[in-house]
Each structure stands twice: as C-alpha cells, then as structure tokens.
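The block underneath contains the structure these notes are about, expressed in structure tokens.
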Amino acid sequence: MLRFVTSLSAGLVRLTKRFWRVFATSSSENSNSAGKARVKKQVRTRSKDPKRETRSVKQDGQSSNAVLEKGQTVYAIGDIHGRADLLIRLLDLIDQDAESIDGDKHLVFLGDYIDRGFQSRQVIDILLGERIAPYQPHFIKGNHEDALLSFLSDPSFGPKWAAYGGRETMISYDVKPPRSLSLNAEWQKAHDAFVRAFPTAHHRFFLNLTTAARIGGYGFVHAGLRPGRSFDEQSDHDLMWIREEFLRDHSEFDVVVVHGHTPTDHPHHDHRRINVDTGAYFTGRLTAAKLIGDEVEFIST
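For the sequence shown, the residue numbers in my numbering are 168 to 468.
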C-alpha cells in the first residue's frame with residue numbers, strides 16, 4: 168500500500184510539473200503573440216552563416232512607402248564606439264555580400280563612432296579613407312559626436328564627456344585625460360592638448376555630420392524621433408539624444424526609423440523602427456541592417 172501511495176505521489180508531481188511547463192510555454196507564446204499583434208506575416212530564414220539573418224516582413228499598418236526603389240541597397244551600421252577592429256570585420260562581410268549586387272549601394276553609419284573603445288581615432292581614419300569608396304556614404308551624428316564637439320568649444324564640458332567615455336577617445340589621440348571628473352585647471356590643459364592633437368580632417372568630418380538621412384521609405388537617425396512630429400519636423404537634439412519617449416510610443420511615423428543609441432542583445436525590427444545597436448563595445452558584436460526592396464537582413468561580426 169505504501170509503495171502504491173509513493174508511486175501515485177511521484178506520478179502526481181511529474182504531472183504537475185508537466186502542466187506548469189505547458190502553462191508557462193503557452194503564456195509566453197500568448198504574450199509574444201499579443202506583443203506582435205500588428206505583424207500580419209513574418210517569415211524568418213536563417214542562413215548557414217549564424218551571423219546572418221534575413222527577414223521578409225509584411226506588416227499591418229506599415230506604410231507602403233517603407234521600401235527601397237529597385238536597384239537600391241542600403242547597409243546601415245550601428246554604434247561602433249571605438250571598435251575599429253569590429254568595423255573592419257563588418258566591412259569585409261558587407262563587401263562579400265555586395266559583390267553580387269548591382270545598382271546603387273548606400274552605406275549609412277548611424278553615429279557614435281567614438282568613446283568607450285580605445286580605437287576612436289582609427290575608426291575616423293577608416294571612415295575618411297578609401298575603404299568605403301565603393302559605396303555612397305552617409306554619416307549620421309550621434310550624441311557622442313555631439314559631446315566631443317561640445318568639449319572642443321567649451322573645456323568645462325570635459326568631465327561630462329569623460330563620463331560618457333571620452334577619456335578613451337582622448338587616449339586614442341595620444342592625449343592624457345585628467346584623472347578627476349571635477350572641473351579644474353587640468354581640464355583646460357587637456358582641452359588645449361586635444362585641440363592641438365585633433366587632425367583638421369577629423370574636425371571637419373565632425374562638423375559636416377548630419378543628424379538625419381532619408382532613403383526611400385526609411386529615415387536614418389542616431390537615437391529616434393519624437394512622437395507626434397513628422398520626420399522633417401524633428402529637432403537635432405531629439406535625433407541625437409531621445410530615448411524613452413521614442414521607445415515607449417507605438418504610433419507610426421511617415422518613415423520606418425532605422426537607428427542605434429540603445430543597445431540590445433539582438434537587432435530589433437517592428438512596424439515602426441529597426442534598431443541595429445548591439446552594444447559592439449562590450450559584446451564584440453557590430454551589426455548592420457541590409458535593406459533591399461521590402462526585406463531586412465542583419466549582418467553581424
């Protein structure tokens with residue numbers, strides 16, 4: 168009798184565990200379905216290369232203009248943050264992909280080229296060099312580029328920029344940053360040294376950065392758009408710095424927004440935005456979104 172009760176109890180425990188596993192899975196799927204209620208059809212195909220993922224997405228409510236003209240291909244690269252090594256690797260992958268494609272090929276850099284990583288100067292050298300000559304380049308201004316320019320014009324901004332990761336950028340230009348994050352005479356000296364070390368070509372590059380670019384039905388910015396305003400009505404500050412107001416809102420814009428600024432484990436794509444910031448500085452994963460027709464393919468290091 169005792170053996171029967173023990174066996175029955177064990178069976179009930181297994182049945183209970185199985186129920187909760189099924190319930191949890193069902194709840195998760197229902198939650199995901201609710202979160203993707205706007206997606207009408209999504210077909211995801213993983214290639215043999217685990218670093219590549221293609222999505223052909225048709226979505227309810229998405230503007231029919233959210234496509235590129237025939238013969239256009241765009242590669243949009245996320246936040247680099249001083250990782251020249253990853254940039255070189257990603258450009259190699261893009262070159263391999265682009266070899267078989269005819270027509271106009273655009274290369275859009277979504278800002279935050281500098282800070283945190285120790286190769287900021289090398290990143291700018293690459294962007295100014297012949298490496299990207301086969302493409303039509305578009306250079307978007309990020310909040311970290313905005314911070315560097317603020318420091319160039321005002322030494323008192325130094326401690327704030329250092330907190331953003333500016334120390335590493337200064338080091339890449341062979342300038343020793345002050346240890347203190349408090350404003351003092353050392354920051355004036357560091358500012359003067361940085362101005363002398365900063366190449367004219369690099370300064371010109373930063374001054375010529377744009378805060379937005381539009382190709383077909385896509386709008387390319389660093390941070391995002393302010394809800395309730397069209398693409399052309401956005402302020403430069405929002406295009407470089409906005410975050411929560413943009414991410415929490417679910418209304419559509421007159422473009423599909425392609426952006427970085429907010430790092431995620433994997434690139435994000437929904438009916439209103441594509442985020443390709445995969446935290447290259449700390450993950451070692453720099454990502455580009457390849458846009459062609461109405462398809463999005465992600466290529467990562």
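No residue lacks a Cβ here, since even glycine has one placed at the ideal position from N, Cα and C.
According to DSSP, Y280 shares a beta bridge with no other residue. The alpha-carbon of E462 is positioned some 47 Å away from that of A357. Bridge pairing for Q401: absent [DSSP]. Judged by their CB atoms, V362 and L392 are not nearer to each other than the 7 Å cut-off. DSSP places F387 within a strand segment (E or B) once states are collapsed to three. Beyond the five residues adjoining it in sequence on each side, A360 comes within less than 6 Å, by CB distance, of V342 in the same chain, given in chain order.
Annotation for R346: no alpha helix (DSSP H) segment contains it, and DSSP assigns it neither H nor E. Rounded to whole angstroms, the Cβ separation of D444 and G245 is 4 Å, and the two are in contact under 8 Å.
Between the segment 405–417 and the segment 323–335 there are fewer than three C-beta pairs closer than 8 Å, too few to call the two in contact. Bounds of the beta strand (DSSP E) holding Y242 are Q239 to I244. Sequence-distant Cβ neighbours of G427 in its own chain, meaning closer than 8 Å and more than five residues away, are G245, D246, L277, G278, D279, G309, H389, A390, N442, V443 and D444. With at least 16 other beta carbons inside 10 angstroms of its own, F324 counts as buried.
Contiguous beta strand (DSSP E) elements confined to the segment 408–455 occur at 423–426 and 440–442, taking only those with 3 or more residues. The C-beta distance from I466 to T240 rounds to 12 Å, too long to fall under 8 Å, and the pair is not in contact. Counting along the chain, the unbroken alpha helix (DSSP H) around E353 starts and ends at A352 to A364. The beta carbon of R283 sits closer than 7 Å to those of H248, G249, G332, E335 and Y448, all from its chain and outside the five residues before and after it, given in chain order.
Contact between L253 and L453 is confirmed by a C-beta separation of about 4 Å, below the 8 Å threshold. F373 and L316 do touch by the CB rule: their CB atoms are close to 6 Å apart, below 8 Å.
For the 7 Å CB-CB criterion, S402 and D421 do not form a contact. By the neighbour-count criterion, in which a residue is buried when 16 or more other Cβ atoms sit within 10 angstroms of its Cβ, E400 is exposed.
Only residues of its own chain outside the window of five on either side were considered, and among them A368 and F372 have a CB closer than 7 Å to the CB of L295, listed in chain order.
Counting along the chain, Q303 sits inside the beta strand (DSSP E) bounded by residues Q303 to F306.
F413 sits away from S339, with the two beta carbons spaced by 7 Å or more.
Beta-bridge partners assigned by DSSP to R381: G386. The residue among D432, A380 and S287 with its C-alpha nearest the C-alpha of L274 is A380. Within 10 angstroms of the beta-carbon of H436 lie 16 or more other beta-carbons, which makes it buried. Per the coordinates, the alpha-carbon of P344 lies some 47 Å from the alpha-carbon of E236. L392 sits in coil when the DSSP states are folded into three classes, being neither helix nor strand. According to the DSSP secondary-structure assignment, V275 is paired through a beta bridge with A243 and H305.
With 16 or more other Cβ atoms inside 10 Å of its own Cβ, A314 counts as buried.
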